[in-house]
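Here is the structure we will look at, set down as structure tokens.
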Amino acid sequence: MRAKLLLSVIACASVGAGLVACDAGSEDVDPTPVPGEDTTGGTPSTPGGSTDGGSGTPTEAGTFSFFVTSIESMRQLSGSTNGFGGDLRYGEATGLEGADKICRTIAEASLPGAGQKTWRAFLSASTGGPDGGVVNAIDRIGEGPWYDRLGRLVAQNKAALLSGSRPLADAQIKNDLPNERGEPNHQGVDNHDVLTGSTSQGKFSGSKSGTCNDWTSAVGSTGKPMCGHSWPRSGSTGSGSNWMSDHQVPGCAPGVTLTNSGGGGGGSTVGGSGGYGAIYCFALTP
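My numbering numbers the first residue of the sequence shown as 15 and each following residue consecutively.
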């Protein structure tokens, strides 16, 4: 029997095409996949998109690391056409934790895999920092660089965010910061106000009422939170142009006002002077 097997092997080895013929009668066995190897015959994923049907990873999510929360997403997550107002807890213990969760949820819905990155809302608060001290929005978001959903540069680093009233961003988005879809947030309506609770240096504004009790209150009279402008209200410099700190909104109640009504015509709401209670979201790493 062993001699017969040996003769068979010799016969196969001595004929060039015989190796294929000898193997043809054996049982097919799938090769063991190599970790990371594409065995589907598809093309590798490219930055900015996932090719795996929704189970993406941060690498497949590309450089996506910044957006303004769209009105559609804020309405959907809050379950209200008026949005969240000043209470951003979203099922979490604190307003900052809830706002971070909002960012993470929207990022994942926009681009599968992006939610696995560490997202931070650009918000300041009176407590929760080192030794129970203040929290500065600029200290929450990493060191950069940051890119929008379509891979355009928002800022290379913190210095580029703080360089003036607008970030040192790609020209296409500098004066109209994009939402999670990479679309200009302006879209023909007056929705420029974005909640920050911060100064023009990205630090705590100095008043708890300027953060709706650290983003836990949706009562209109609680305070008047600070906001910045996702697009310049009147030109790219001067009054109405600062992306992180321009003025206080009329109150902390939920509300949407898509026309500028002179700083309060929309009632004591986060949207009362042209907005819907949007927030900025940054990923710690691109």
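Virtual Cβ for every residue (Gly too), placed ideally from N, Cα, C.
Exercise. Would you grab the beta carbon distance between Gly196 and Arg163 for me? Rounded to a whole angstrom, and I think it's under 8 Å.
Key: 3 Å
Exercise. With DSSP collapsed to three states, give me the class of Asn227.
Key: helix
Exercise. Measure the alpha-carbon distance for Tyr290 versus Pro144 and round it to whole angstroms.
Key: 31 Å
Quiz item: Which term fits Trp177, buried or exposed, when burial requires 16 or more other beta carbons within 10 angstroms of its beta carbon?
Solution: A small fix is needed here, since residue 177 is Ser in this sequence, not Trp. Exposed, since its Cβ has fewer than 16 Cβ neighbours within 10 Å.
Quiz item: Expressed to the nearest angstrom, what Euclidean distance is found between the alpha-carbon atoms of Ala123 and Ser235?
Solution: 33 Å
Quiz item: Quick one: is Gln201 buried, meaning 16 or more other Cβ sit within 10 Å of its Cβ, or exposed?
Solution: exposed
Self-check item: Arg118 - containing alpha helix (DSSP H), residue span
Solution: 109-124
Quiz prompt | At least 3 beta-carbon pairs within less than 8 Å: the segment 182-199 vs the segment 212-228 | solution = no
Quiz item: According to DSSP, is Gln215 helix, strand or coil?
Solution: coil
Quiz item: Which one or two residues does DSSP pair with Cys266 in a beta bridge?
Solution: According to DSSP, Cys266 bridges with nothing at all.
Exercise. Pick helix, strand or coil for Arg89, following the three-state DSSP scheme.
Key: helix
Exercise. Tell me, please, whether the segment 111-131 touches the segment 77-84 by the rule of three or more beta-carbon pairs shorter than 8 Å.
Key: yes
Practice problem: Taking all protein chains shown into account, decide if Ala173 is buried (16 or more other Cβ within 10 angstroms of its Cβ) or exposed. | Solution: exposed
Practice problem: Could you tell me which residues DSSP puts in a beta bridge with Ile257? | Solution: Reading off the sequence, residue 257 comes out as Trp, not Ile. DSSP, once it has assigned bridges, lists no residue as partnering Trp257.
Self-check item: Nearest-angstrom Cα separation, counted from Pro198 out to Gly285
Solution: 18 Å
Practice problem: Return the residue from the list Ala128, Gly269, Arg180 that minimises the CA-CA distance to Ala75. | Solution: Ala128
Exercise. Could you tell me whether the Cβ atoms of Leu244 and Ser179 are closer together than 8 Å?
Key: Here the sequence assigns Ser to residue 244, which means Leu is not the residue at that position. Taking 8 Å as the Cβ cut-off, Ser244 and Ser179 do not qualify as a contacting pair.
Quiz item: The alpha helix (DSSP H) with Ile187 in it runs from where to where?
Solution: 185-188
Quiz prompt | Identity of the residues DSSP links to Leu176 by a beta bridge | solution = Note: Leu176 sits in no beta bridge, so no partner.
Self-check item: Simplified DSSP state of Ile293, which is helix, strand or coil
Solution: strand
Quiz item: Residues in its own chain within less than 7 Å of Leu272 by CB, not counting five upstream and five downstream?
Solution: Val203, Asp204, Asn205
Quiz item: Looking only at C-alpha atoms, which of Gly146, Ala183, Asn150 sits nearest to Pro159?
Solution: Ala183
Practice problem: Can you tell me which of Ser92, Phe78, Tyr294 puts its alpha carbon nearest to the alpha carbon of Gly211? | Solution: Tyr294
Exercise. Indicate whether Thr299 and Gly156 have their beta-carbon atoms separated by less than 8 Å.
Key: yes
Quiz prompt | Assigned secondary structure, Ala232 (DSSP; H/G/I helix, E/B strand, else coil) | solution = coil
Practice problem: Since I believe Ala151 is in contact with Gly216 (beta carbons under 8 Å), could you give me their beta-carbon distance rounded to a whole number of angstroms? | Solution: 5 Å
Exercise. Just mark Pro47 as buried or exposed, buried being the case when its beta carbon has 16 or more other beta carbons within 10 Å.
Key: Confidence at Pro47 is low in this model, with a pLDDT of 36, below 50, so its placement is unreliable and the value that follows should be read with caution. Flag for Pro47 reads exposed.
Self-check item: Selection from Tyr161, Ser79, Gly147 that minimises the alpha carbon distance to Ala121
Solution: Ser79
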